[in-house]
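For reference, the structure is listed below as structure tokens.
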Amino acid sequence: MSKNTPQAIRGTQDIFGAEAEAFAFVVETFERVRRLYRFRRVEMPVFEKTEVFSRAIGETTDVVSKEMYSFEDRGGDSLTLRPEFTAGIARAFLTNGWQQHAPLKVATHGPLFRYERPQKGRYRQFHQIDAEIIGAAEPQADVELLAMADQIIRELGITGVTLHLNTLGDADSRDAWRAALVEHFRAVKGELSEDSQERLEKNPLRILDSKDRRDQAFVADAPKIDAFLSDDAKAFFEAVTSGLDAAGVKWTRAESLVRGLDYYRHTAFEFIPDEGSEAASRLGSQSTILGGGRYDGLMESLGGAPTPAVGWAAGIERLAMLVGDSLPPDRLEIAIAAENVERETDAAEMVSVFRQAGFVAEAFITGSPRKRYDKARKSEPAILISFDVREGQKTQSWLSTDPTIVREEEALQLLEDRWKLS
RNA sequence: GCGAUCGUAGCUCAGUUGGUUAGAGCGCCGGUUUGUGGUACCGGAGGUCGGGGGUUCGAGACCCCUCGAUCGCCCCA
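Going by numbering that gives the first Met the number 0, the residue at position 88 of the first sequence is 87; the numbering climbs one at a time, nothing skipped.
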């Protein structure tokens, strides 16, 4: 590689081979399952006015304050490459009059951008699948959304992952709890970790899932959300949990689970690998593979009418790292080796016949004719066909290495229709 | 944004306390061999040792800067 060749941008990926196949498998599974749940597909802009995100997500969050790719366009507007889907979808809901479709179930996927330090499972351009239900205040919406998430993960063959569930209560519950937490932690501020001392001002809820030992003791006896829940909020959460049980979705209560973005209310959840599981070790420190919750306050922050909504997003790269063995086989069914230059067009014609009949087929008609058979063999086809010329006669021979995974009789009939087998 | 480790052919890696024209295996290309056969042998292409600067008679090896990757922290999907 020349030093004159431009390098890829830090934190971007050129995905190829097995990883690309796993990526596609995640997207295909998502597309298939979202149809089962009647989520409608939407395509969204990759960039929006900066205020869409700063108002929706919250100015003080890390995402907005230091991770956005923002720039001024030629017209002088401040624009931002989307760091998440929800804000843009909420904006579209308001500006396109999608209220008429409420309750609206939508799904999408694509690239997102966050200026972060790259790590395994964390990139500056990354990709998510995303599902939202807008205009539904009922706990049944939360249940449906979570049931779909659970089914997608299961159909991807991912195991050792558990749904961690919590409630943040309604706006009043959340505010009262937050105030109590600030009071609790402020009393011991000097003994908290530096990070948590800062969180105390910016995002006190996050102290609850601090990994720092110094914080753990104070987290243990911190006020619990349950003590602050209104009767309605409590009933809502109970409806969600009983709905999940009825739908057969396994979950565990995570009292200290909070979400980083300002707009969350009531239900908050993450799918996290179980400690010590294969999945956990594959993901490293990037543990959450799917996260979301209810965001009843978001529409108002964008100037819309109060509109209840729930949603989640999941990192495609992180899911792809976990699919492993469950990938559908990508097996070459038929390989044709033209072992003589005179048979190249015959082989090209025959491979076309096979492909149009729905076979995965490839012709080996380049490079040294004497080595084509070996090349074809190394591609591990279920059926290997050789086109050659022996003693002036065109010859066609075939070798079956695995008749169980291909329509062998049909394939050989197609071959015989055109050529005499030798 | 902070800390740590690392960066030699397409891939996996060797390169001894700095010392002559930088190597291997696999892969790739070509030749020979084999001729119902994933064989064996021979040959070839491909590296300004991530980039830049410095120390030295001499640097892939040492120092500084920079870019990138990986692993923590932070944050999050």
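All C-beta atoms in this analysis are idealised placements derived from N, C-alpha and C, irrespective of residue type, glycine included.
Given residue i as reference, the closest of the options once Cα atoms are compared
i           : options            : result
residue 75  : 97, 349, 48        : 48
residue 425 : 245, 264, 270, 263 : Residue 425 falls outside the range modelled here, since the chain spans only 0 to 421, and no answer is possible.
residue 310 : 273, 118, 167, 290 : 290
residue 390 : 245, 339, 46, 59   : 339
residue 170 : 127, 296, 50, 85   : 296
residue 204 : 30, 283, 166       : 166
residue 379 : 386, 42, 402       : 402
residue 123 : 405, 307, 9        : 9
residue 375 : 258, 86, 325, 331  : 331
residue 38  : 100, 373, 418, 399 : 100
residue 163 : 235, 221, 256      : 256
residue 334 : 283, 293, 405, 128 : 405
residue 202 : 218, 187, 221, 181 : 181
residue 200 : 36, 366, 177, 212  : 177
residue 17  : 86, 303, 327, 357  : 327
residue 219 : 352, 388, 184      : 184
residue 223 : 72, 207, 354, 196  : 207
Cut-off 7 Å between Cβ atoms - residues of its own chain near residue i, not counting five sequence neighbours on either side
i           : result
residue 70  : 78
residue 82  : 52, 62, 66, 67, 111, 112, 113
residue 433 : The question about residue 433 has no answer, for the chain in this structure spans 0 to 421.
residue 329 : 20
residue 246 : 142, 146
residue 15  : none
residue 281 : 320, 321
residue 238 : 138
residue 28  : 151, 154, 155
N-terminal and C-terminal residue of the beta strand (DSSP E) that residue i is part of
i           : result
residue 388 : 382-389
residue 48  : 46-48
residue 360 : 360-363
residue 293 : 289-293
Close Cβ partners of residue i (< 6 Å) along its chain, the five nearest in sequence each way excluded
i           : result
residue 233 : none
residue 261 : 57
residue 276 : 159
residue 294 : 262, 263, 308
Coarse secondary structure for residue i, derived from DSSP in three states
i           : result
residue 377 : helix
residue 315 : helix
residue 327 : coil
residue 271 : strand
residue 93  : helix
residue 403 : helix
residue 308 : strand
residue 301 : coil
residue 370 : helix
residue 396 : strand
Contacts around residue i, its chain only, beta-carbon distance under 8 Å, and the 5 residues preceding and following it disregarded
i           : result
residue 322 : 21, 24, 25, 155, 156, 157
residue 32  : 147, 150, 151, 154
residue 102 : 132, 133, 134, 135, 140
residue 434 : Here the chain comprises residues numbered 0 to 421, so residue 434 is not present and cannot be evaluated.
residue 0   : Note that residue 0 has pLDDT 43, beneath the 50 cutoff, so the model's placement of it is unreliable and the number below is only indicative. Closer than 8 Å at Cβ, skipping near neighbours: no residue.
residue 126 : 22, 108, 109, 110, 111, 314, 315, 316
residue 397 : 382, 383, 384, 385, 411, 414, 420
residue 117 : 9, 10, 123
residue 228 : 166, 168, 172, 236
Start and end residues, alpha helix (DSSP H) containing residue i
i           : result
residue 11  : Segment: none, residue 11 is in no alpha helix (DSSP H) and carries neither H nor E.
residue 35  : 16-35
residue 6   : Unbroken run through residue 6: none, as it is neither H nor E.
residue 196 : 193-201
residue 280 : 277-282
Distance cut-off 6 Å: residue i Cβ against heavy atoms of the ligand ATP
i           : result
residue 379 : Looking at this structure, you won't find the ligand ATP or any other ligand, since it has none at all.
Length at least 3, wholly inside the segment 216-259: the beta strand (DSSP E) runs in chain order:
Qualifying beta strand (DSSP E) stretches, in chain order: 250-252.
Runs of 3 residues minimum, wholly inside the segment 331-358: which ones carry the beta strand (DSSP E) assignment?
List check, beta strand (DSSP E) in window: 333-337.
Report the start-end ranges of each alpha helix (DSSP H) in the segment 134-187 that is 4 residues or longer and not cut off at the edges.
Counting only runs of 4 or more, we get 138-154, 170-185.
Can you list, in chain order, the stretches of the beta strand (DSSP E) that have 3 or more residues and sit fully within the segment 47-131?
Inside the segment 47-131, DSSP marks whole beta strand (DSSP E) runs of 3 or more residues at positions 68-71, 77-80, 103-112, from first to last along the chain.
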